[in-house]
Amino acid sequence: MAVTVVTLTRTRPALLARALASAQTQSPPGGFEHLVVADDCDETHALLRGRELPGNVRWLLAGRGPGEVSGPGRSSRLRNMAVRISESPWITFLDDDNEWEPDHLTSLLECARRTGHRAVHSQLRMFHPDGTPYLEQLDPWTADEEAARAEYARMRARGVVAPGTCVRRDRLDPLDTPDPVVSVDTGEWLLARELLLRLPFRDDFDAADEAARTGEDDKLAADLRRAREPVSCTGLPTLRYYLGGYSNNFASAFDPTFSWQA
Numbered sequence: 001m002a003v004t005v006v007t008l009t010r011t012r013p014a015l016l017a018r019a020l021a022s023a024q025t026q027s028p029p030g031g032f033e034h035l036v037v038a039d040d041c042d043e044t045h046a047l048l049r050g051r052e053l054p055g056n057v058r059w060l061l062a063g064r065g066p067g068e069v070s071g072p073g074r075s076s077r078l079r080n081m082a083v084r085i086s087e088s089p090w091i092t093f094l095d096d097d098n099e100w101e102p103d104h105l106t107s108l109l110e111c112a113r114r115t116g117h118r119a120v121h122s123q124l125r126m127f128h129p130d131g132t133p134y135l136e137q138l139d140p141w142t143a144d145e146e147a148a149r150a151e152y153a154r155m156r157a158r159g160v161v162a163p164g165t166c167v168r169r170d171r172l173d174p175l176d177t178p179d180p181v182v183s184v185d186t187g188e189w190l191l192a193r194e195l196l197l198r199l200p201f202r203d204d205f206d207a208a209d210e211a212a213r214t215g216e217d218d219k220l221a222a223d224l225r226r227a228r229e230p231v232s233c234t235g236l237p238t239l240r241y242y243l244g245g246y247s248n249n250f251a252s253a254f255d256p257t258f259s260w261q262a
């Protein structure tokens, strides 16, 4: 297969079913496999065992040892495991609460072919969990309202967001760029497997990361910039990103076992 799509999932079988259906709308040249990693969840395990899945879908149940918890560190370790067991030259990630437009993989592969780059990404449309467009002029990853307005204004000035639209023109500015934009969600990336084996997701997170809401995608972006890896963007908002995950959920616990730092 040309691409392995990796989906991590836990305690959200209904959303996983939506993500599985979304992936099956893709028709990239060379085909793709969808590798679903169920993170120690009996409910999700039951759904996968009991459902007749397409032939290009395979799944595994990742158990936990003593003291292992949910969080960006755990997600990084599972992503890295999926990369290692994949045999595809390209890896992409579809979180269980998100969807893709049908041309997502095709447009990413075309961008990679055209540029010769090992790291390419799309852009996104942002939605509330109920499917309504996110149109608030607030950065959704910033808890303090004043700071969220300020960050939205900065992103507006940099051409990432605009009032009246839920499109987010994410990008990864290179080093030495004044006031850089460093914002690419995991679900926007298409990455060469060889690159991810050399620059895996980091699983070290501390109190400073928790305060800044730094996730595994943020650390990957920082590592790509430091390595001066060439990056290209399709310019197409083909990721349908739904709010409500741990990076933007300030009201309640994302998962009872969740810990940012463990």
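Quick note: the sequence shown, position 6, residue 6 per full-length UniProt numbering, numbers continuous.
Virtual Cβ for every residue (Gly too), placed ideally from N, Cα, C.
Task: As assigned by DSSP and simplified to three states, the class of Asp223 - done: helix
- [ ] Indicate whether Phe232 and Thr106 have their beta-carbon atoms separated by less than 8 Å.
- [x] The question names Phe, but residue 232 in the sequence shown is Ser. Going by C-beta atoms, Ser232 is not nearer than 8 Å to Thr106.
Open item on the list: List, from N- to C-terminal side, the alpha helix (DSSP H) runs of 4 residues or more that fit wholly inside the UniProt domain "Glycosyltransferase 2-like" (4-145).
Closed with: 13-23, 42-50, 72-85 and 104-115
Task: Whole-angstrom distance between Asp139 and Leu78, CA atom to CA atom - done: 28 Å
TODO: In the DSSP assignment, find the alpha helix (DSSP H) that holds Arg198 and state where it starts and stops.
DONE: Arg193 to Arg198
TODO: Tell me, please, which residues DSSP counts as bridged to Leu172.
DONE: Val182
TODO: Tell me where the beta strand (DSSP E) around Thr238 begins and ends.
DONE: Annotation: the continuous beta strand (DSSP E) that includes Thr238 extends over Val231 to Tyr242.
TODO: Could you please give the first and the last residue of the uninterrupted alpha helix (DSSP H) stretch that includes Glu210?
DONE: In the DSSP assignment, Glu210 falls within the unbroken alpha helix (DSSP H) covering Ala207 to Ala212.
Open item on the list: Suppose contacts are defined by Cβ-Cβ distances below 8 Å. Is Glu210 in contact with Trp260 by that definition?
Closed with: yes
Open item on the list: One question on the structure: do Leu94 and Gly187 come within less than 8 Å of each other, judged by their Cβ atoms?
Closed with: A contact, by the Cβ cut-off of 8 Å.
Open item on the list: Quick check on the burial criterion: 16 or more other C-beta atoms within 10 angstroms. Buried or exposed for Ile85?
Closed with: exposed
Task: Option nearest Leu5 by Cα separation, candidates Asp185, Arg225 and Gln24 - done: For clarity, residue 5 is Val in the given sequence; the question names Leu instead. When only C-alpha atoms are compared, the closest one is Gln24.
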